[in-house]
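Below is one structure; the comments refer to it alone.
In our numbering, the protein residues as written are 1495 to 1588.
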């Protein structure tokens, strides 16, 4: 279960998976587009996913991409951004 691997808090899991907020078909569609649609740039796919799903924000989107494509994209979150900035890297976040 993707939410388990991303260490989500129980309340966030409940909100995200509650069908009042997100239908499973909408989650599948948004994630399929995010992960597999190569005809659109990653920034645009991430923004689309963020706008289509409730309680699945930018950080979760970046983690999902990193878990799905570990050889291509790093897992990006507040902790990794802070470390990169500490070492002098200019971090740009969509």
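Glycine included, C-beta positions come from ideal geometry on N, C-alpha and C.
Check each candidate in 1549, 1510, 1513 and 1528 and name the one with the smallest Cα separation from residue 1558.
Measuring from the Cα of residue 1558, the nearest candidate turns out to be 1528.
Under 8 Å, do residue 1536 and residue 1516 count as touching if we go by C-beta distance?
Result no, Cβ atoms of residue 1536 and residue 1516 do not sit closer than 8 Å.
What three-state label does DSSP hand residue 1563 in the structure shown?
Correct three-state label for residue 1563: coil.
Using C-beta distances below 7 Å, list every residue in its chain close to residue 1495, excluding the 5 sequence neighbours before and after it, in chain order.
Reliability of the predicted coordinates at residue 1495 is poor, the pLDDT of 45 falling under 50, and no value is obtained from them.
Compute the distance between the beta-carbons of residue 1569 and residue 1561, then report whether it is under 8 Å.
Their beta carbons are under 8 Å apart, which means residue 1569 touches residue 1561 by this criterion.
Distance check for residue 1584 and residue 1504, CA to CA, integer angstroms please.
Distance between the alpha carbons of residue 1504 and residue 1584: 33 Å.
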